[in-house]
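Novice: My questions all concern the structure below.
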Amino acid sequence: MVRIRLSSLTNAQVGQRESVGLNLGQFSLEDLSVAYLKGVLQFTRVANGILVEGTLKAAVETECTRCLEPFFAPVVVELEGLMGLPGAPLSPERPVRVTEDGWADLAPLLREYLWLALPSSPLCSPACAGLCPQCGGNLNRGECTCSGEGPVDPRWGILQTLLDGE
């Protein structure tokens, strides 16, 4: 849960603003592990709710697509969303609302934006060597000890005869 008190904006005039700085250490958002989350969010009272905008920096746990090792990928999130007022229904377009006691849990909104900010093919480092195609050993941890001569797919066998003929 990432709860922020917004009771001052629920009955405020349209256009009133409030800024909140975030500096969170390690926490989880359902299936997402976050090492840190930093930034400033601007909350603005609008006619049909509260608009939240801001830029956040975070490190989100993901898996390297080459070596399959978990690591924390740095991401920058340009967040913008509309939160409902107390009593407003929740929907996929508006997953957050301010409760009757003036608190808003931003976790659903943050989770969505953090997932979208993750790279589609994350790498633990640009020099990641990946896995050995024969034995599956992590090549970042050292040289592979397998022979490197695995079985050849029989569908490629005819090409092997061309190499043998040289």
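Take 116 as the starting number for the sequence shown in the numbering used here and just add one per residue. Ideal Cβ placement from N, Cα and C applies to all residues, glycine included. The model shown is predicted, which means the values in this text are computed figures rather than measured ones.
1) Can you list, in chain order, the residues of its chain with a C-beta nearer than 6 Å to that of Gly199? Leave out the 5 residues immediately preceding and following it.
2) Less than 8 Å separating the beta-carbons of Asp282 and Arg118?
3) Could you compute how far the alpha carbon of Glu193 sits from the alpha carbon of Pro234?
4) Tell me which residue opens and which closes the alpha helix (DSSP H) that Pro223 is part of.
5) Whole alpha helix (DSSP H) runs in the region 118–180 with 4 or more residues, listed along the chain?
6) Helix, strand or coil, according to DSSP, for Arg270 in the structure here?
7) What did DSSP end up calling Leu277 once you bin it into helix, strand or coil?
8) Could you name the residues of the same chain whose beta carbon sits closer than 6 Å to that of Trp218, not counting the 5 residues immediately before and after it, in chain order?
9) Looking at C-alpha atoms only, which residue of Val161, Leu183, Leu224 is the closest neighbour of Gly130?
10) Is the Cβ-Cβ distance between Val167 and Ala188 less than 8 Å?
11) Which same chain residues, not among the five before or five after Arg181, have their C-beta less than 8 Å away from its C-beta?
Specialist: Answer, in terms of the structure:
1) Gly164, Arg209, Arg212
2) This structure leaves residue 282 out entirely; the chain is present only between 116 and 281.
3) 15 Å
4) 222–232
5) 122–125
6) helix
7) helix
8) Arg118, Arg120
9) Val161
10) no
11) Leu238, Cys239, Cys243, Ala244, Gly245, Leu246
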